[in-house]
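Asker: Residue numbers (the working numbering): 4 to 268. This is the structure, below, for whatever I ask next.
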């Protein structure tokens with residue numbers, strides 16, 4: 004595993020983030036630098052499904068390949084919960100000496116076989132990357148593709164983690180939106196899908212708010228996984244709304260987080 008320091012441009016060594024000391028009065032609060040340290044990892048391994056007999060041994064092989072960027076230090080924050088959440092999402096574990104390996108399903112074990120020369124009809128590729136980093140936010144994107152023998156097609160998923168640096172918290176919509184945001188937000192999403200002529204699964208056109216969202220530099224992208232509300236052929240359904248679109252339901256803190264200005268908390 005390789006350790007590195009990244010910044011908003013992923014080029015310099017320190018990310019400058021606005022931090023506040025709750026023990027001081029608001030007028031005395033000042034910005035300070037918050038060093039952020041990341042660790043990169045990758046693995047390329049062969050697994051074996053123990054339940055499959057020797058006669059079909061080649062069908063039991065699994066190819067596990069992964070890479071990613073994991074937080075190692077964010078100021079003085081305790082980032083255990085953040086790391087655990089990202090590790091679960093990326094299906095990766097680390098040994099005591101920080102050696103990465105894939106998180107395995109019961110009945111599958113790792114081998115010392117060479118992935119370059121081993122036939123593997125099953126596989127999982129997972130990639131955890133930083134999608135956005137500002138003085139207030141870090142957004143991680145996790146892409147996973149899994150394929151099993153005899154499947155007509157593989158399954159690809161993309162998930163996001165939106166993390167507030169100052170609050171040391173993985174954000175939910177309720178953290179950045181005003182109470183009662185659900186109905187107007189769903190109305191805006193429905194209007195966008197109608198304009199795009201997305202073919203919905205439910206004949207009455209009803210669907211819930213998405214569980215997944217991705218904060219962007221100018222707004223929020225709401226993501227529905229494949230086949231959750233629309234036909235498979237539609238793929239992931241993505242609806243982008245700007246801060247201007249969402250201004251009536253975003254809190255001031257939500258606007259500041261998205262636009263990269265911490266402001267008063």
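Note that the Cβ used here is the ideal one computed from N, Cα and C, for glycine as well.
Return yes when at least one heavy atom of the ligand FAD lies under 8 Å from the C-beta of residue 187, else no.
Answerer: This structure lacks the ligand FAD; in fact it carries no ligand of any kind.
Asker: Which class does residue 69 belong to by DSSP, given the choice of helix, strand or coil?
Answerer: strand
Asker: Assign residue 204 to one of two classes, buried (16 or more other C-beta atoms within 10 Å of its C-beta) or exposed (fewer than that).
Answerer: Residue 204 is exposed by the Cβ-count criterion.
Asker: I'd like the span of the beta strand (DSSP E) that includes residue 136, first residue to last.
Answerer: That run of the beta strand (DSSP E) goes 125-136.
Asker: Of all the options 241, 221 and 178, which has the alpha carbon lying nearest to the alpha carbon of residue 198?
Answerer: 241
Asker: According to DSSP, is residue 83 part of a helix, a strand, or is it coil?
Answerer: Helix at residue 83.
Asker: Can you give me the C-alpha to C-alpha distance between residue 185 and residue 88, rounded to a whole angstrom?
Answerer: 25 Å
Asker: Could you pull out every residue in the same chain whose Cβ sits closer than 6 Å to the Cβ of residue 125, ignoring the five residues on either side in sequence?
Answerer: 65, 151 and 152
Asker: Can you give the Cα-Cα distance for residue 212 and residue 159, rounded to whole angstroms?
Answerer: CA-to-CA, the gap between residue 212 and residue 159 works out to about 21 Å.
Asker: Would you decide whether residue 154 is buried or exposed? Buried here means 16 or more other CB atoms lie within 10 Å of its CB.
Answerer: Exposed, because fewer than 16 other Cβ atoms sit within 10 Å of the Cβ of residue 154.
Asker: If I'm right that residue 48 touches residue 67 with Cβ under 8 Å, what's the distance once you round it to whole angstroms?
Answerer: That pair is a contact at about 5 Å.
Asker: Starting from residue 248, follow the beta strand (DSSP E) in both directions and report where the run begins and ends.
Answerer: From DSSP, residue 248 is part of no beta strand (DSSP E) but of the alpha helix (DSSP H) over 246-249.
Asker: Got a sec, what are the start and stop residues for the beta strand (DSSP E) residue 170 sits in?
Answerer: Careful: residue 170 lies outside any beta strand (DSSP E) and carries neither H nor E.
Asker: Quick test of your reading: residue 144 and residue 163, contact by CB under 8 Å. State the CB separation rounded to the nearest angstrom.
Answerer: With 8 Å as the limit, residue 144 and residue 163 qualify as a contact, their Cβ atoms being about 6 Å apart.
Asker: Alpha carbon to alpha carbon, how far is residue 118 from residue 78? Give it in angstroms, no decimals.
Answerer: 39 Å
Asker: Give me, in chain order, the residues of the same chain whose beta-carbon lies closer than 8 Å to that of residue 91; leave out the 5 immediate sequence neighbours on both sides.
Answerer: 106
Asker: Report the rounded CA-to-CA distance for residue 178 versus residue 224, giving the unit in angstroms.
Answerer: Here the alpha carbon of residue 178 sits roughly 16 Å from the alpha carbon of residue 224.
Asker: Alpha carbon to alpha carbon, what distance is there between residue 247 and residue 219?
Answerer: 13 Å
Asker: Please report the distance separating the alpha-carbon of residue 147 from that of residue 156.
Answerer: Residue 147 and residue 156 have their C-alpha atoms roughly 14 Å apart.
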